[in-house]
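Peer 1: Numbering of the sequence shown is given in the working numbering, commencing with residue 86 and proceeding in unit increments.
My questions will all concern the structure given below.
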Amino acid sequence: MSDDETAITVVSLVIGLILWFRWYLRVARVSRRLSSPARRLPLMLTPPAAAGGLLIVLRLFADDEVRYAPQYLLLYSAMGFAWTGVFIHVMASMGLCARDDVAERNNAAAVPALMGAILGSMGAFAGGNIGEGPGWWVVVFSSGLATITLLAMWIIFDRTCHVIEHVTVDRDPATGWRAGAMLLATGAITGRAAAGDWESPIGTVIDFAVLGWPAALVLMIAILLERVFGVKPQHEPGGAFLTGFLPGLVLLSLATAYLVLLGWWT
Numbered sequence: 086m087s088d089d090e091t092a093i094t095v096v097s098l099v100i101g102l103i104l105w106f107r108w109y110l111r112v113a114r115v116s117r118r119l120s121s122p123a124r125r126l127p128l129m130l131t132p133p134a135a136a137g138g139l140l141i142v143l144r145l146f147a148d149d150e151v152r153y154a155p156q157y158l159l160l161y162s163a164m165g166f167a168w169t170g171v172f173i174h175v176m177a178s179m180g181l182c183a184r185d186d187v188a189e190r191n192n193a194a195a196v197p198a199l200m201g202a203i204l205g206s207m208g209a210f211a212g213g214n215i216g217e218g219p220g221w222w223v224v225v226f227s228s229g230l231a232t233i234t235l236l237a238m239w240i241i242f243d244r245t246c247h248v249i250e251h252v253t254v255d256r257d258p259a260t261g262w263r264a265g266a267m268l269l270a271t272g273a274i275t276g277r278a279a280a281g282d283w284e285s286p287i288g289t290v291i292d293f294a295v296l297g298w299p300a301a302l303v304l305m306i307a308i309l310l311e312r313v314f315g316v317k318p319q320h321e322p323g324g325a326f327l328t329g330f331l332p333g334l335v336l337l338s339l340a341t342a343y344l345v346l347l348g349w350w351t
């Protein structure tokens with residue numbers, strides 16, 4: 086490894102450890118009277134699941150120099166570790182916070198939304214690692230393009246439909262499921278759009294626009310679903326499943342179908 090790669094590895098590990106240790110500490114150190122461990126557990130298992138997914142992508146689909154070198158697997162795993170840590174803290178600054186909403190307020194609606202944010206941001210980062218490239222800066226550029234697009238679409242989604250308010254104030258579980266699915270579906274599509282062998286910055290942007298436009302379609306459908314279903318009474322029979330989980334599954338199915346249709350990257 087070169088000096089800059091070693092430095093990036095160390096910096097990423099430090100940032101990731103600080104952010105995620107802080108995150109886990111704040112989520113875990115809450116009285117059972119405020120939030121049950123069972124409610125927090127799925128959320129706490131999501132970061133390791135996302136990290137495992139990234140490692141699989143790196144091991145199978147990254148540059149040959151990365152796939153067979155433990156030091157480079159560590160480098161890009163550490164980058165992803167820090168990357169998602171930053172993203173989830175950005176989400177917290179926008180009003181969707183694991184400690185405040187899940188741990189302290191026992192808000193079930195925030196759990197799937199936050200899980201989608203973690204998995205979606207890791208999907209966006211992982212996609213930028215797929216294919217051949219000259220160095221870590223290529224991953225930063227490609228994954229950054231995907232992640233910024235993901236964040237921009239989330240902002241549009243929230244500004245249009247007031248999703249964060251419905252999740253954190255109204256505590257609507259159905260909205261939480263739809264929001265989480267939107268984040269995961271968009272992250273998967275933007276990550277796939279960022280995948281491929283590196284040619285040039287302009288070429289990457291063009292390819293990203295050509296391949297990533299369905300993310301905007303997912304966003305529009307997600308907005309339409311919010312308009313149709315809105316916030317439902319929590320006591321409504323099957324409400325969260327019928328108006329939250331199933332519509333979210335539609336978004337994920339659309340994203341999956343597009344990825345399958347698109348096939349292998351070039």
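Ideal Cβ placement from N, Cα and C applies to all residues, glycine included.
Values in this document were obtained by computation on a predicted structure and should not be read as measured data.
Within 10 Å of its beta-carbon, does aspartate 89 have 16 or more other beta-carbons around it, so buried, or fewer, so exposed?
Peer 2: Exposed is the call here.
Peer 1: Using 8 Å as the threshold, is the region 187-197 in touch with the region 255-263, meaning 3 or more CB pairs across them?
Peer 2: Touching, yes.
Peer 1: From Ile308, Leu110 and Ile173, pick the residue whose C-alpha is nearest to that of valine 248; which is it?
Peer 2: Minimum Cα distance to valine 248 is reached at Ile308.
Peer 1: Spatial neighbours of leucine 344 within its chain, please: C-beta separation below 8 Å, excluding the five flanking residues on both sides.
Peer 2: Ala273, Ile274 and Arg277.
Peer 1: Is the beta carbon of leucine 230 closer than 8 Å to that of alanine 167?
Peer 2: Cβ distance not < 8 Å, so alanine 167 and leucine 230 don't count as in contact.
Peer 1: Distance check for phenylalanine 326 and leucine 310, CA to CA, integer angstroms please.
Peer 2: Answer to the nearest angstrom: the Cα atoms are 14 Å apart.
Peer 1: Which full runs of the alpha helix (DSSP H) of 4+ residues lie inside the region 214-279, going along the chain?
Peer 2: Within the region 214-279, the complete alpha helix (DSSP H) runs of at least 4 residues are 221-246, 248-253 and 258-279.
Peer 1: Contact check, alanine 177 vs valine 115 under 8 Å by CB: the rounded distance?
Peer 2: Alanine 177 to valine 115, Cβ: 15 Å. No contact.
Peer 1: Round the Cβ separation of glycine 281 and isoleucine 215 to the nearest angstrom and send it over; I've been treating them as touching at under 8 Å.
Peer 2: With a Cβ gap of about 7 Å, glycine 281 and isoleucine 215 count as contacting.
Peer 1: Under a three-way DSSP split, which group does serine 121 fall into?
Peer 2: Three-state DSSP puts serine 121 in coil, outside helix and strand.
Peer 1: Is leucine 199 near leucine 110, with beta carbons less than 8 Å apart?
Peer 2: No.
Peer 1: Output the boundary residues of the alpha helix (DSSP H) element that contains threonine 328.
Peer 2: No alpha helix (DSSP H) holds threonine 328; DSSP gives it neither H nor E.
Peer 1: In terms of residues, what are the limits of the alpha helix (DSSP H) holding glycine 208?
Peer 2: Taken as a continuous stretch (DSSP letters only), the alpha helix (DSSP H) holding glycine 208 covers 195-212.
Peer 1: Tell me which residue opens and which closes the alpha helix (DSSP H) that glycine 165 is part of.
Peer 2: 155-178 is the span of the alpha helix (DSSP H), which, as asked, contains glycine 165.
Peer 1: Taking the alpha-carbon positions, what's the alanine 270 to leucine 347 distance?
Peer 2: Those two C-alpha atoms are separated by around 15 Å.
Peer 1: Could you tell me if proline 299 is buried or exposed, where buried requires 16 or more neighbouring beta carbons within 10 angstroms of its beta carbon?
Peer 2: With 16 or more Cβ atoms within 10 Å of its Cβ, proline 299 is classed as buried.
Peer 1: I'd like the span of the alpha helix (DSSP H) that includes methionine 86, first residue to last.
Peer 2: Per DSSP, methionine 86 belongs to no alpha helix (DSSP H) and is neither H nor E.
Peer 1: Taking just the CA atoms, how far does threonine 232 sit from tryptophan 239?
Peer 2: About 10 Å.
Peer 1: Check the C-beta distance from alanine 316 over to methionine 267 and give it rounded, since I have them as a contact under 8 Å.
Peer 2: Rather than alanine, the amino acid found at residue 316 in this sequence is valine. Not really, about 16 Å apart at Cβ, beyond 8 Å.
Peer 1: Taking Cβ to Cβ, would you say glycine 201 is nearer than 8 Å to alanine 264?
Peer 2: Yes, Cβ-Cβ distance for glycine 201 and alanine 264 is below 8 Å.
Peer 1: In its own chain, which residues sit with a C-beta less than 7 Å from the C-beta of histidine 320, not counting the 5 before and 5 after it?
Peer 2: Model confidence at histidine 320 stands at a pLDDT of 49, short of 50, so the residue's coordinates are unreliable; what they give is reported in the following sentence. None.
Peer 1: Distance check for glycine 137 and valine 171, CA to CA, integer angstroms please.
Peer 2: One C-alpha to the other measures close to 18 Å.
Peer 1: Determine the DSSP secondary structure at histidine 320, reduced to helix, strand or coil.
Peer 2: Model confidence at histidine 320 stands at a pLDDT of 49, short of 50, so the residue's coordinates are unreliable; what they give is reported in the following sentence. Coil, per DSSP.
Peer 1: Determine the burial state of methionine 207: buried for a count of at least 16 other Cβ atoms within 10 Å of its Cβ, exposed for fewer.
Peer 2: Counting Cβ neighbours within 10 Å, methionine 207 comes out buried, since at least 16 surround it.
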